[in-house]
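Shown next, in structure tokens, is the structure this report addresses.
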Amino acid sequence: MDLAFSHPIGFMKQGEDVSTIIESLTALFGITRILTTFPELQRFLNLKWVYRFLASKPSDDHGPGMIRGVAINEVKRRLQQGVQSKEKDLLDRFLEYKDETGNGFPRRDLEVESFTPVIAGPESVATILRVAVIYIIGTPRVYRKLQAEIDENRHSGTISTPVSTPFPRTVPPEGANICGYFLPGGCDVGFSMWALGRNKTVFGEDVDCFRPERWFDTKEKIASYEKADLTFSAGLTTCLGRHIAMFEIHKTLFELFRNFEINLADPFVPCVADNILTFLVHDMPVYLNPRPGSN
10 MDLAFSHPIG FMKQGEDVST IIESLTALFG ITRILTTFPE LQRFLNLKWV YRFLASKPSD
70 DHGPGMIRGV AINEVKRRLQ QGVQSKEKDL LDRFLEYKDE TGNGFPRRDL EVESFTPVIA
130 GPESVATILR VAVIYIIGTP RVYRKLQAEI DENRHSGTIS TPVSTPFPRT VPPEGANICG
190 YFLPGGCDVG FSMWALGRNK TVFGEDVDCF RPERWFDTKE KIASYEKADL TFSAGLTTCL
250 GRHIAMFEIH KTLFELFRNF EINLADPFVP CVADNILTFL VHDMPVYLNP RPGSN
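Going from the sequence shown to this note's numbering is simple: count from 1 and add 9.
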């Protein structure tokens, strides 16, 4: 929420899940990853009588409803303020926007757009970070080298993508020939992110090996890797939060491995993972010991 509207929650300061927000967002994420794949179900839940019965409320004192309440109140405060805010955050940028007629976002859009960044990326970014840590500390050669070359964490997003949703596309009315198969118009076509990330034709026979050095190959090879990396989708459907997510991943991994020696509490069962259209990693206890010269 600090990024969205300069409202830090206090997780680090208090050392706990404040107002059960993390727990609530995890549960909410489990629902939204299904709704985004089945739009018919989403339309049903958007019916007024269903929404009124099931939706969280801005007056809630915990969970997604509380976050919505913070967003609504912050938008109200800044609109009433009537002058440029001192806060330089996403809401500030939304308020600055004007279309060709000089009109800004409607109030409802401001409330939704301020709320969206808070719920959109935390679980997927957390999964990438956890999987990256597991692969890195589980491969001593990489772990040792990482302390000198932190930026090698980039590979973790390809070998274990947090997104397994097929990102369906609708075939145009006239149909289409794809890989030698004719697909009739109107049907949905998707792809397996896991299969694409483990394509031996692209990544080589050792595709299942955690080998970050592959990203220091020739420019042609790297270009083919990047073309096959659709973790954040591509084209018109590219994730709008991609750059924010990559910033969080690079910054967090760098600071973690710069400041701590990390060991898994149980190397044989390092974590619990589940996959319902999106891959989630949780229950991952680790030991952290400050490194010499750490902050």
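From the three backbone atoms N, C-alpha and C, an ideal C-beta is built for every residue, glycine too.
- Within the model, the alpha-carbon separation for T210 versus R220 is close to 16 Å.
- Per DSSP, N268 is one residue of the alpha helix (DSSP H) stretching across 251-268.
- Secondary structure at N284: strand, using DSSP grouped into helix, strand and coil.
- Judged by DSSP secondary structure, I187 falls within the beta strand (DSSP E) whose first and last residues are 185-187.
- Taking C-alpha positions only, N268 is separated from S133 by approximately 24 Å.
- Taking C-beta atoms under 8 Å as the contact rule, P177 and G199 qualify, at a distance of about 4 Å.
- Under the three-state reduction of DSSP, N272 is assigned to strand.
- By alpha-carbon distance to T261, the top candidate from I137, I31, D108 is I137.
- Here E96 is near S15, since their CB atoms are less than 8 Å apart.
- Residue pairing for L192: DSSP places it in a beta bridge opposite A185.
- DSSP assignment within the stretch 53-87 yields the following whole alpha helix (DSSP H) runs of 4 residues or more, N-terminal first: 57-63.
- Taking 4 residues as the shortest admissible run, the stretch 94-121 contains the following complete alpha helix (DSSP H) segments, listed from N- to C-terminal end: 99-105.
- When DSSP states are grouped into helix, strand and coil, R300 belongs to the coil group.
- Counting of Cβ neighbours within 10 angstroms places D238 among the buried residues, the total reaching 16 or more.
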